[in-house]
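Numbered per the numbering used here, the sequence shown finishes at 1458, counting up by one with no gaps.
Ideal Cβ positions, reconstructed from N, Cα and C, are used throughout, including at glycine.
Predicted model only: the values in this text are computed from it and were never measured.
Worksheet for the structure shown next.
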Amino acid sequence: MSYRLLIIGLGDLGQRFAAEISKFAEIDELILAGRRIEFGVTFAELLAACSQIKVRFFELDAEQQDAVEQLLRDQRPDLIVQCASLFSPWYLRECQHPVAKVLRMAGFAAQIPAQLPPITTVMSAVREIDFPAPVVNCSYPDLTHPVLAQLDLAPTVGIGNVGMIQYRVQATLLQQSKLSGTEVKSDLPLVRVLAHHSQIRAAMSSIRPSDTSSCPKVFIGEGGQRADELVYAGLPLMSNRYLNALTTASGLPILQALLPNKPPLRISAPGPLGLPGGYPIKIINRLIEQIALIAFERTQVVVSTFND
């Protein structure tokens, strides 16, 4: 079967997802929505030529609930990917205006007013018309999702952050297997990660904090052997918008798993079911069926599973 997917927001991340999703064999129509009409129309034309599928662009202000509702009613996508924000975190990193510098000093959480409005509007529209498709949110899911959960507006799941860390750990394990002469990608052990957005910069920079209690928690194999040191084992990555390539790569399996008639997926993702931070999850039949909540004691790790 073939499906229709909607991407809201065509900044750098939205463009990357669109380019990759257009290659999905099961997608026969890609719907793009954003504010920049001239860019959106030409970008859709380019993707259609590259992918040989139907790609259409619709002008949309993601803060206008009526417009979002109408788009959903008219297009009936099977999956919604929300990438819109008032401004990109990378824009703030690159901007030299004094106000931008002050905001950077305040920490990333100060940017939530730029991330929360579009996803709030999108989820309000979804709830208002009882739209059945899953919603994947790319706008600061570690923090926006618990806020939205208080309003019964939590998206299905987020993308990035803990997933990016999981992918770096898996890459390290693959590299280690190459060095040992036992490289078989399919035989790599299960990797589960518990982490938060606040830990992502150190993880991508391969700088392990002196306070190891603030490190992401890594569990290898079904037995959950701890291997937190793998988070920092790779080379440092550049802290700029090129990291969106890793956000995209780690998010694509989640998007595929949330399409109809897909096999279960075990992966780590941020903001499942409105929770803060990122967790190991299992997606079955387009639903988050399992969340491993890992409680840390001094001498043991207890893994509790909901809806098992």
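Is the beta carbon of residue j closer than 7 Å to that of residue i?
i            : j            : result
residue 1238 : residue 1313 : no
residue 1311 : residue 1428 : yes
residue 1257 : residue 1420 : no
residue 1398 : residue 1174 : no
residue 1295 : residue 1283 : no
residue 1234 : residue 1268 : yes
residue 1356 : residue 1386 : yes
residue 1213 : residue 1279 : no
residue 1231 : residue 1191 : no
residue 1436 : residue 1408 : yes
Identify the continuous alpha helix (DSSP H) that holds residue i and give its terminal residues.
i            : result
residue 1399 : 1394 to 1407
residue 1216 : 1215 to 1225
residue 1206 : Element bounds for residue 1206: not the alpha helix (DSSP H) but the beta strand (DSSP E), 1204 to 1209.
residue 1277 : 1262 to 1278
residue 1251 : 1248 to 1255
residue 1357 : No alpha helix (DSSP H) contains residue 1357, which DSSP labels as neither H nor E.
residue 1379 : No alpha helix (DSSP H) contains residue 1379, which DSSP labels as neither H nor E.
residue 1369 : Careful: residue 1369 lies outside any alpha helix (DSSP H), inside the beta strand (DSSP E) at 1367 to 1370.
residue 1192 : 1187 to 1201
residue 1162 : 1162 to 1171
Count the other CB atoms within 10 Å of the CB of residue i; is the residue buried (16 or more) or exposed (fewer)?
i            : result
residue 1184 : buried
residue 1156 : buried
residue 1189 : exposed
residue 1337 : exposed
residue 1158 : buried
residue 1373 : exposed
residue 1392 : exposed
residue 1411 : exposed
residue 1228 : buried
residue 1288 : buried
residue 1345 : buried
residue 1452 : A caution first: residue 1452 carries a pLDDT of 39, below 50, which makes its placement in the model unreliable, though a value can still be read off. Classification of residue 1452: exposed, given that the 10 Å Cβ count is below 16.
residue 1363 : exposed
residue 1187 : exposed
residue 1430 : buried
At what residues does the beta strand (DSSP E) containing residue i begin and finish?
i            : result
residue 1341 : 1341 to 1344
residue 1231 : 1229 to 1232
residue 1290 : Premise fails: residue 1290 is in no beta strand (DSSP E) and is neither H nor E.
residue 1432 : 1428 to 1434
residue 1153 : 1153 to 1158
residue 1415 : 1415 to 1420
residue 1183 : 1177 to 1184
My guess is that residue i and residue j are in contact by the Cβ rule of under 8 Å, so how many angstroms apart are they, rounded?
i            : j            : result
residue 1415 : residue 1433 : 5 Å
residue 1424 : residue 1298 : 7 Å
residue 1217 : residue 1224 : Not quite, the Cβ-Cβ distance comes to about 11 Å (not below 8 Å), so this is no contact.
residue 1403 : residue 1417 : 6 Å
residue 1176 : residue 1151 : 7 Å
residue 1389 : residue 1354 : 6 Å
residue 1236 : residue 1259 : With a Cβ gap of about 15 Å, residue 1236 and residue 1259 do not count as contacting.
residue 1422 : residue 1371 : Not confirmed; about 22 Å, so no contact.
residue 1277 : residue 1226 : No, residue 1277 and residue 1226 are not in contact; Cβ-Cβ is about 17 Å, not under 8 Å.
Excluding the 5 residues flanking residue i on each side, which residues of the same chain have their C-beta closer than 7 Å to its C-beta?
i            : result
residue 1447 : In this predicted model, residue 1447 has a pLDDT of only 37, less than 50, meaning its place in the structure is not dependable; the value taken from the coordinates is given anyway. Contacts found: none.
residue 1319 : 1341, 1343, 1368, 1380, 1381
residue 1359 : 1352, 1365
residue 1221 : 1183, 1208, 1210
residue 1413 : none
Once you ignore the five residues that flank residue i on each side, which residues in its own chain have a CB closer than 6 Å to its CB?
i            : result
residue 1215 : 1271, 1274, 1275
residue 1205 : 1180, 1194, 1197, 1198
residue 1165 : none
residue 1290 : 1265
residue 1394 : 1162, 1163, 1166
residue 1460 : Residue 1460 cannot be examined here, being either before or after the span of the chain that is shown, 1151 to 1458.
residue 1178 : 1152, 1203
residue 1375 : none
Would the beta-carbon of residue i be found less than 6 Å away from any heavy atom of the ligand SAM?
i            : result
residue 1403 : Among the ligands in the structure shown, none appear at all, so the ligand SAM cannot be discussed.
Leaving out five residues before and five after residue i in sequence, what residues of the same chain have Cβ atoms less than 8 Å from its Cβ?
i            : result
residue 1261 : 1239, 1242, 1253, 1290
residue 1322 : 1380, 1383, 1384
residue 1449 : Because residue 1449 sits at a pLDDT of 32, beneath the cut-off of 50, its placement in the model cannot be relied upon, and the following sentence gives the value as read from the coordinates. None.
residue 1317 : 1396, 1399, 1400
residue 1302 : 1277
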